[in-house]
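Protein sequence lines, in the order shown, are assigned to chains C and P. In our numbering, each number is its position in the first sequence, counted from 1, plus 8. In our numbering, each number is its position in the second sequence, counted from 1, plus 813. In what follows, a structure is listed as structure tokens, so that the remarks can point back to it.
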Amino acid sequence: MVPVEHLFALAMFVFVCGLTGVLFRRNLIMVMMGLELMLNAVNIAFVAASRHVGGVDGQVMAFFVITVAACEAAVGLAMIIAIYRRYGTVDTEYLRVLRG
Amino acid sequence: MVALCSLMVVVGRNPVASIVFLIFSLVGVAGIFALLGADFLAAVQVIVYAGAIMVLFLFVVMMLRLEREKREAMRLTLPDRVALGLTVAGFGFVAWKIVAGAKAGFETAAPAAATEVAGNTQLVGMKLFTTYLWPFELASVLILLALVAAVMIARGDGKPATRPVEVDDGSR
């Protein structure tokens, strides 16, 4: 059986990958993928912890996280499409409307 | 498998390739779930993530023309590099602390009580419809809301674009 520390380390690694994507990519779609990665890292940690403690509560929680991730992906991608229609780009470098 | 799927996540540079890598990574995570005895969650992960969400991503990438963005990889300026280094270092430190603490403290905890291999889906279902009934119903409402909101946002009413859209779809 995989020890729980390794799983936590893996979750941390995936989370850092996702965070890097969110912070340093200019393409909005890449930012969304970073978000998905971070949510997955949290899921890994949830399931590992629930396995370790010996219940299914963590799995139920991960189930809800997946639900929220699906909603977030749908709405976020819709917003990306809207942004692309309006401004013709999804590069965060050129989206400076709020900064004036 | 663990190292493999994690590495694949990092590699992706242009959007389509990185989506494919992300699919591999998500399937790897599903494999980890199955390995941990969470069969139901593994199935849900494959269906929802690798099926639905990734198809959504692919559709959006194909809809938008990303030739320009595709070419540029991750450009990091110097402050970016410093920030990235600090982030990785901080998370590495936290991970090290967690692993150390886990080695020290988790041994005394109860060693993985009897979540047997077989009735996992049944257990999760029971939990979901008794203890977590209200969150479950809320989640369904949330999905409905997200559906309507996504349609509303993506439909786009006839407001003129502030900057002319470069896509010329010939019909209008």
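Even glycine gets a Cβ: it sits at the ideal position worked out from N, Cα and C. Note that the structure is predicted; figures quoted are calculated from it, not measured.
- Message: So with CB distances below 7 Å, who are the chain C contacts of F906/P?
- Response: Taking the second sequence and counting its residues from 1, the one referred to as residue 906/P is at position 93. Simply none; closest approach about 10 Å.
- Query: Within 10 angstroms of its Cβ, does L45/C collect 16 or more other Cβ (buried), or is it exposed?
  - Reply: In the first sequence, the residue the question calls residue 45/C occupies position 37. Buried is the call here.
- Item | Contact list for the region 850 to 862 of chain P against chain C, Cβ threshold 8 Å | G850, A851, F853, L854, V857, Q858, V861, Y862
- Message: How far does the alpha helix (DSSP H) with Q935/P in it extend, from its first residue to its last?
- Response: One-based indexing of the second sequence puts residue 935/P at position 122. Residues 933 to 943.
- Message: Closer than 8 Å between beta carbons: that is the criterion. Which residues of the region 30 to 41 of chain C meet it against chain P?
- Response: L31, F32, R33, R34, N35, I37, M38, M40, M41
- Between A19/C and the rest of its own chain, which residues show a CB-CB distance below 6 Å, the 5 nearest in sequence each way excluded? Counting from 1 along the first sequence, the entry for residue 19/C is found at position 11. The answer, listed in chain order, is A49, I52, A53.
- Item | Cβ pair L27/C, V98/C closer than 8 Å | Taking the first residue of the first sequence as 1, we reach residue 27/C at position 19. Taking the first residue of the first sequence as 1, we reach residue 98/C at position 90. No. Outside cutoff.
- Message: Residues of chain P with CB closer than 9 Å to the CB of M87/C, please, in chain order.
- Response: Start at 1 with the first residue of the first sequence, and residue 87/C comes out as number 79. A963, I966, A967, listed in chain order.
- Query: What is the C-beta distance between R59/C and G850/P, in whole angstroms, given that I count them as a contact (C-beta under 8 Å)?
  - Reply: As a first step, residue 59/C must be located in the first sequence, where it is residue number 51. As a first step, residue 850/P must be located in the second sequence, where it is residue number 37. Yes, R59/C and G850/P are in contact; Cβ-Cβ is about 6 Å, under 8 Å.
- Which one of V868/P, W909/P, V857/P, V874/P has the shortest CA to CA distance from T934/P? Counted from its first residue, the second sequence places residue 934/P at position 121. Comparing Cα-Cα distances from T934/P to each of V868/P, W909/P, V857/P, V874/P, the minimum goes to V857/P.
- Message: Run through chain P and tell me which residues come within less than 7 Å of A81/C, C-beta to C-beta.
- Response: Working through the first sequence from its first residue, we reach residue 81/C at position 73. Those are I866, L869, listed as they occur along chain P.
- Query: Using the beta-carbon count (16 or more within 10 Å), is L877/P buried or exposed?
  - Reply: Walking along the second sequence from the start, residue 877/P turns up at place 64. Buried is the call here.
- Item | Cβ shell of G29/C (< 7 Å), same chain only, five flanking positions each side left out | The sequence position of residue 29/C within the first sequence is 21, counting from 1. So the list reads M38, V39, M41, G42, L45, once near-sequence residues are dropped.
- Item | Same chain only: Cβ atoms within 6 Å of A843/P, ignoring 5 sequence neighbours per side | Taking the second sequence and counting its residues from 1, one reaches residue 843/P at position 30. Closer than 6 Å at the Cβ level, and outside the excluded window around A843/P, lie A855, Q858, V859.
- Task: Enumerate in chain order the residues of its own chain whose CB-to-CB distance from L899/P is below 8 Å, with the five nearest sequence positions on each side excluded.
- Result: The residue you call residue 899/P lines up with position 86 of the second sequence. Once the five neighbours on either side are set aside, L899/P has no close Cβ partner at all.
- Would you say L27/C reaches chain P, if we count a Cβ-Cβ gap shorter than 8 Å as a contact? If you number the first sequence from 1, residue 27/C lands on position 19. Chain P, which has a Cβ nearer than 8 Å to the Cβ of L27/C, makes this yes.
- CA-CA distance, V73/C and E80/C? Taking the first sequence and counting its residues from 1, the one referred to as residue 73/C is at position 65. Taking the first sequence and counting its residues from 1, the one referred to as residue 80/C is at position 72. Taking the straight line joining both Cα atoms gives about 10 Å.
- Check whether the Cβ of M20/C lies closer than 8 Å to any Cβ atom in chain P. For the purposes of this step, residue 20/C is identified with residue 12 of the first sequence, where counting begins at 1. Cβ-Cβ to chain P under 8 Å: yes for M20/C.
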